[in-house]
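Engineer:
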Amino acid sequence: MGTGYLSAFPSEFFDWVEAIKPVWAPYYTIHKIMQGLLDQYTVAGNSKALDMVVKMANYFSDRVKNVIQKYSIERHWESLNEETGGMNDVLYQLYTITNDMKHLTLAHLFDKPCFLGLLAVQADSISGFHSNTHIPVVIGAQMRYEVTGDPLYKQIATFFMDTINSSHSYATGGTSAGEFWTYPKHLAETLSTENEESCTTYNMLKISRNLFRWTKEIAYADYYERALINGVLSIQRGADPGVMIYMLPQAPGHSKAVSYHGWGTKDDSFWCCYGTGIESFSKLGDSIYFEEKGDTPALNIIQYIPSTFNWKAAGITVTQQIKTLSSSDLYLQISLSISAKSTNQSAKLNVRIPSWTFADGAGATLNDKDLGSLSPGSFLSITKQWNSEDHLSLRFPIRLRTEAIKDDRPEYASLQAVLFGPFVLAGLSTGDWDAKAGDSSTISDWITTVPSVYNSQLGTPSGLNGAARHLQHNHEGSFHADRTI
0 MGTGYLSAFP SEFFDWVEAI KPVWAPYYTI HKIMQGLLDQ YTVAGNSKAL
50 DMVVKMANYF SDRVKNVIQK YSIERHWESL NEETGGMNDV LYQLYTITND
100 MKHLTLAHLF DKPCFLGLLA VQADSISGFH SNTHIPVVIG AQMRYEVTGD
150 PLYKQIATFF MDTINSSHSY ATGGTSAGEF WTYPKHLAET LSTENEESCT
200 TYNMLKISRN LFRWTKEIAY ADYYERALIN GVLSIQRGAD PGVMIYMLPQ
250 APGHSKAVSY HGWGTKDDSF WCCYGTGIES FSKLGDSIYF EEKGDTPALN
300 IIQYIPSTFN WKAAGITVTQ QIKTLSSSDL YLQISLSISA KSTNQSAKLN
350 VRIPSWTFAD GAGATLNDKD LGSLSPGSFL SITKQWNSED HLSLRFPIRL
400 RTEAIKDDRP EYASLQAVLF GPFVLAGLST GDWDAKAGDS STISDWITTV
450 PSVYNSQLGT PSGLNGAARH LQHNHEGSFH ADRTI
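FYI, numbering that gives the first Met the number 0 numbers position 207 of the sequence shown as 206, with every residue one higher than the one before it.
1) Kindly indicate which three-state DSSP category D161 falls into: helix, strand or coil?
2) Going by beta carbon distance, what residues of the same chain come within less than 8 angstroms of H185, once the five residues before and after it are set aside?
3) Which ranges would you report for the beta strand (DSSP E) in the segment 68-143 if only whole runs of at least 3 residues count?
4) Only counting the same chain, and skipping five residues up and downstream in sequence, which positions put a Cβ closer than 6 angstroms to that of S443?
5) Given a cut-off of 9 angstroms on the beta-carbon distance, is the pair S71 and T104 in contact?
6) Look up G362 in the DSSP assignment and give the residues it is bridged to.
7) Measure the CB-CB distance between L370 and I352 and report whether it falls below 9 angstroms.
8) Less than 9 angstroms between the C-beta atoms of Y169 and A416, yes or no?
9) Looking only at its own chain, which residues have a Cβ that is under 8 angstroms from the Cβ of S461, when we skip the five neighbours before and after it?
10) Between L5 and M86, what straight-line distance do the alpha-carbon atoms span, to the nearest angstrom?
11) Pop quiz: G241 and T200 are said to be a contact at Cβ under 8 angstroms. What is the actual Cβ separation, rounded to whole angstroms?
12) Spatial neighbours of I125 within its chain, please: C-beta separation below 6 angstroms, excluding the five flanking residues on both sides.
13) Give the range of the alpha helix (DSSP H) segment to which E224 is assigned.
14) Per the DSSP calculation, R400 is bridged to which residue(s)?
15) Is Q141 buried or exposed, if buried means 16 or more other CB atoms sit within 10 Å of its CB?
16) Take the Cβ of M100 as the centre, count every other Cβ of all protein chains shown within 10 Å, and call the residue buried at 16 or more, exposed below.
17) Where does T459 sit, in a helix, a strand or coil, going by DSSP?
18) Thinking T448 and S326 are a contact (beta carbons under 8 angstroms), I'd like their distance in whole angstroms, please.
19) Does the Cβ-Cβ distance between T83 and Y27 come in under 9 angstroms?
20) Look at the alpha carbon of F158 and the alpha carbon of E388, and state the distance between them as a whole number of angstroms.
21) Using three-state DSSP, classify L324 as helix, strand or coil.
22) Taking just the CA atoms, how far does A425 sit from S254?
23) Name the residue from V89, L93, N98 and L151 whose alpha carbon lies nearest to the alpha carbon of L115.
24) Does the beta-carbon distance from T295 to T307 come in below 9 angstroms?
25) Could you tell me how far apart the beta carbons of V231 and S268 are, in whole angstroms, since I believe they sit closer than 8 angstroms?
26) Spell out a yes or no on whether the segment 331-347 and the segment 296-305 are touching, meaning 3 or more CB-CB pairs, one atom from each, closer than 8 angstroms.
27) Starting from V16, trace the alpha helix (DSSP H) both ways and give me its first and last residue.
28) Hey, how far is the Cα of N486 from the Cα of Q92?
29) When you compare only the Cα positions, how much space is there between L379 and L373?
30) How should Y259 be labelled, buried or exposed, when 16 other C-beta atoms within 10 angstroms of its C-beta is the threshold for buried?
31) Apply the 10 Å Cβ neighbour rule to V42 and answer buried if 16 or more other Cβ atoms are within range, or exposed otherwise.
32) For N464, is the classification buried or exposed, using 16 other Cβ atoms within 10 angstroms of its Cβ as the cut-off for buried?
33) May I ask you to list the residues that DSSP assigns as paired with T382?
34) Return the first residue and the last residue of the beta strand (DSSP E) that W262 is part of.
35) Let's test the definition: count the other Cβ atoms within 10 Å of the Cβ of F8 and tell me whether it reaches 16, buried, or not, exposed.
36) Specify the secondary structure class of T174 as computed by DSSP and reduced to three states.
Pasting the structure below:
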């Protein structure tokens, strides 16, 4: 008592960590506790929580210092060869509050050099690393950049994101096979029941969010959309809220239900992916709107999710509505309504034009006035004094397309995913898993829309006045299929 140690397990677990003896991930749990306490202070102003997290940081500062003095710095680095969560991240955050160099030094000591060093010299040598051990280390590196201003750590995060997207990610935006990264651009043979650990997607979203804040590059917003839709919304069983999965199987002919963990339970599953999963579903709206300060305030709208945002800096409220998407109406249609408290403030709206849409057929109107041609992969920017009569409408063509798996070997060139805008489609079949394209090179010739007359028996996850609900969640399917002639 009174040492500063706080956890549900005894401090002896850290004796084992420091002796390089088997014990699973106590620092992972400590990070969760510290981050929760810090959030209690920063969000709710709970000063007792700050006192507790400071005492925890001081306790672990003494422990790590003792290991280094008694043994060596190498012993400390070796002790980090397990999941340590975001220890560097939370400690950098704490330093911004305490300005205690002890906390900054301890944060540095969780910046794993054997991993960040590879990224610093821009080497795609992450194969064999445990994915969810190291993605949080990159998040911590991003916080180091924000706290210290050292541009190296911005470069590290940028290179890491580029590396994942170019060599180690599936069509869903997810990464990892059996929790590890494999050889770059050799993903075809990794498709299994154990792809895309849910925690990795949760953490990759953090990285892309930070990169977008720094750069305003559309690619990061596009990635966020893809991973959120396909890698977060897909992990909870639609008919059973609170029932989640650990992995997102991607092999042909497999179901979410038959992965190693399968579906969890509402009350008895306490995997790491339940913690991140619950958090993910609590913050579905945290990356829709991004503000920019200045003489003319700006608002970046980068995700299309029904929502309302009270934009205090501009004195207006933005309400976003989405027309229900249908395979018989090949457009994503968004409506943005403005409610203004005053009309004497000029403000700028930057609206994302997704990279997956097409210039031909894309359009935008402001108060029914056409705004001209749109360029996919850019922003539509409008600066004006907004009033409560303003209404912005967006129309983005959404079409079928294929995307090859990230594998540079010619024999796997035909292994492709089918997408509809940002949505990765899963083929349902009890027979052949190869998609037969025949002589056609146009995907719409061999994948056709189900006639709307067949939709009369379909429902949505929400209640429909007592109507039956029909959701696919245990069926065999395929994200990737061989496109054969």
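All C-beta atoms in this analysis are idealised placements derived from N, C-alpha and C, irrespective of residue type, glycine included.
Structural biologist: The answer reads as follows:
1) helix
2) D406, D407 and R408.
3) none
4) L399
5) no
6) R394
7) no
8) yes
9) Low local confidence applies: a pLDDT of 47 at S461 is under 50, so the model's placement there is unreliable, and no value is given.
10) 15 angstroms
11) No, G241 and T200 are not in contact; Cβ-Cβ is about 18 angstroms, not under 8 angstroms.
12) W180
13) I217 to A226
14) According to DSSP, R400 shares a beta bridge with L418.
15) buried
16) exposed
17) Bear in mind that a pLDDT of 49 at T459, under 50, signals an unreliable position, so the number given afterwards is only what the model happens to contain. Residue state, collapsed to three classes: coil.
18) 5 angstroms
19) yes
20) If I take the Cα positions, the gap works out to 44 angstroms.
21) Three-state DSSP puts L324 in coil, outside helix and strand.
22) 10 angstroms
23) Looking only at V89, L93, N98 and L151, the smallest Cα-Cα distance to L115 is reached by L151.
24) no
25) Their Cβ separation, rounded to whole angstroms, is 17 angstroms, which puts V231 and S268 out of contact at 8 angstroms.
26) yes
27) E11 to E17
28) The requested residue 486 is not part of the displayed model; the chain covers only 0 to 484.
29) 7 angstroms
30) exposed
31) exposed
32) Confidence in N464 is poor, its pLDDT being 41 and thus under 50, which makes the residue's placement unreliable; the coordinate value appears in the next sentence. Residue environment for N464: exposed (fewer than 16 other C-beta atoms within 10 angstroms of its C-beta).
33) K347
34) Neither: W262 is in no beta strand (DSSP E) and is coded neither H nor E.
35) exposed
36) strand
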